[in-house]
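Under this note's numbering, the first residue of the sequence shown carries the number 256, and numbering increases by one thereafter. In what follows, a structure is listed as structure tokens, so that the remarks can point back to it.
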Amino acid sequence: MNNSVIMLGTGSPRLNSERIPSAQLLIMGNLPILVDCGEGATMQLVKSGIPPQEVKYVFFTHLHADHILGYANFLISGWVEGRRELTIVGPLGTKKMHELLLDMLKEDIAYRMSLGRPEAGIYDVKIIEIEVPSTVALDLPIEITCARMNHNVPTFAYRFEKDGKSIVFSGDTAPPTDGLAKLAEGADMIIHDSALTLIEGDQMENAEKIWANLQKEHCTPAQAASTAEKAKVTSLVLTHFLPKMNPKKVLAEAENVFSGDIFVPNDLDVIKF
256 MNNSVIMLGT
266 GSPRLNSERI
276 PSAQLLIMGN
286 LPILVDCGEG
296 ATMQLVKSGI
306 PPQEVKYVFF
316 THLHADHILG
326 YANFLISGWV
336 EGRRELTIVG
346 PLGTKKMHEL
356 LLDMLKEDIA
366 YRMSLGRPEA
376 GIYDVKIIEI
386 EVPSTVALDL
396 PIEITCARMN
406 HNVPTFAYRF
416 EKDGKSIVFS
426 GDTAPPTDGL
436 AKLAEGADMI
446 IHDSALTLIE
456 GDQMENAEKI
466 WANLQKEHCT
476 PAQAASTAEK
486 AKVTSLVLTH
496 FLPKMNPKKV
506 LAEAENVFSG
516 DIFVPNDLDV
526 IKF
């Protein structure tokens, strides 16, 4: 699976029996990198045949619940299974989130250490917090850059590039997306927030008010396609779907705008680039 992405979770905060919240595994040059870690991400790795302990880099686009609640299981399970080093990259607040988690689980961790597991991989996790768009400096054969997105909390998109191949993860964002288009310029693939797929007859309390606010924080398939077209990327992967979205309608909406390859994936789909 050299240069591929596994769509571990293509859903949203809304409960969905077919899609877990946001999580993607990038495999670039045989190096696995987890981008976001929604609830259930670790078991999705297992289902994909990827041992969690082999994933030693995690990038958080932002710290909303649907992007981070799977981190506790990933952290502990990977350590228990033998991971002895881990690097986390994310916006300001990532270190606090990690430390609060360690404090919450300190008795559990102490018990597991009493059985013979070392501190390495749990109490020495490297945390890199991003404050402004920049190059992410890691000792990896991959060039990593980021850009600030238009969301209601600090959110960063990431571009990963190696040997002339590149992929971009948008995280959550709303128009205008000029910064994202610039970050993704000429990329082979962009994984793009496409949460604004209207749920017809939504019975959620305050559904109309929620929908109005979501338009300030997310993109429609057409808006995502517009970014991809402007950036002249080769492929567009839509994600972050609300329940009961219609894949055919989503695809048709994007095809009206973007001339490249378009994917409307399900959880666990593997897409090469």
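Ideal Cβ placement from N, Cα and C applies to all residues, glycine included. Every value quoted in this text rests on a predicted model; they were computed, and no experiment measured them.
For residue i, does the three-state DSSP call read helix, strand or coil?
i      : result
Ser259 : strand
Gly284 : coil
Glu508 : helix
Ser267 : coil
Gly345 : strand
Leu393 : coil
Leu318 : coil
Ile305 : coil
Glu500 : The question names Glu, yet the displayed sequence has Met at residue 500. Coil.
His447 : strand
Tyr378 : coil
Thr489 : coil
Ala365 : helix
Phe424 : strand
Lys471 : coil
Ala436 : helix
Leu324 : coil
Ala483 : helix
Asp524 : strand
Leu360 : coil
Val290 : strand
Ala278 : strand
Ala477 : helix
I need the straight-line Cα distance from residue i to residue j, nearest angstrom please.
i      : j      : result
Gly293 : Gln279 : 9 Å
His473 : Pro430 : 8 Å
Leu393 : Leu281 : 16 Å
Asn258 : Leu395 : 15 Å
Leu324 : Gln478 : 28 Å
Val344 : Leu497 : 27 Å
Arg338 : Glu309 : 7 Å
Glu386 : Cys401 : 11 Å
Gly376 : Ala509 : 42 Å
Asn285 : Gly333 : 18 Å
Lys236 : Leu270 : As shown, the chain starts at 256 and ends at 528. That puts residue 236 outside it, with no answer to give.
Ala327 : Gly348 : 16 Å
Lys361 : Lys527 : 40 Å
Ser369 : Met352 : 25 Å
Phe545 : Arg274 : Outside the displayed range of the chain (256 to 528) lies residue 545, so it cannot be described from this structure.
Tyr366 : Ser303 : 30 Å
Asn407 : Met298 : 29 Å
Ile364 : Ile305 : 24 Å
Val525 : Ile399 : 22 Å
Ala436 : Pro502 : 24 Å
Gly371 : Glu354 : 22 Å
Can you round the beta-carbon distance between residue i and residue j to whole angstroms, since I take them to be within the 8 Å contact cut?
i      : j      : result
Leu506 : Val492 : Between Val492 and Leu506 the Cβ distance is about 12 Å, and since that is not below 8 Å, they are no contact.
Pro307 : Glu336 : 6 Å
Leu356 : Leu330 : 7 Å
Thr452 : Pro476 : 7 Å
Ile422 : Ala450 : Actually they are not in contact, since the Cβ atoms of Ile422 and Ala450 sit about 20 Å apart, beyond 8 Å.
Asp321 : Pro276 : 4 Å
Alpha carbons only, please: which of the options is nearest the one belonging to residue i?
i      : options                        : result
Pro346 : Val313, Leu357, Asn328         : Val313
Glu384 : Phe329, Leu330, Lys350, Thr265 : Lys350
Ala480 : Asp358, Asn511, Pro502         : Asn511
Leu523 : Ala296, Ala402, Lys499, Lys437 : Ala296
Phe415 : Glu273, Glu484, Ser389, Thr428 : Ser389
Lys417 : Ala436, Ile397, Phe424, Arg269 : Ile397
Lys311 : Thr342, Gly304, Lys471         : Thr342
Ser272 : Asp427, Met500, Val525         : Met500
Leu438 : Lys420, Arg403, Gly419         : Arg403
Ala483 : Ser267, Asn521, Gly434, Met359 : Gly434
Pro268 : Glu354, Met298, Asp427, Ile364 : Asp427
Asn405 : Asn521, Ile364, Thr432         : Thr432
Met283 : Pro502, Gly419, Lys503         : Gly419
Check whether the Cβ of residue i lies closer than 8 Å to any heavy atom of the ligand ADP, and answer yes or no.
i      : result
Ser421 : With respect to the ligand ADP, the structure offers nothing, as it holds no ligand at all.
Inspect the CB distances between the region 508–516 and the region 472–489 and report whether three or more fall short of 8 Å. yes
Assess contact between the region 436–446 and the region 373–384, defined as three or more Cβ pairs (one per stretch) separated by less than 8 Å. Is contact present? no
Could you check whether the region 403–421 touches the region 312–331, counting it as contact only if at least three pairs of C-beta atoms, one from each stretch, sit closer than 8 Å? yes
Decide yes or no for the touch test of the region 262–274 against the region 290–304: beta carbon pairs closer than 8 Å, at least 3 of them. yes
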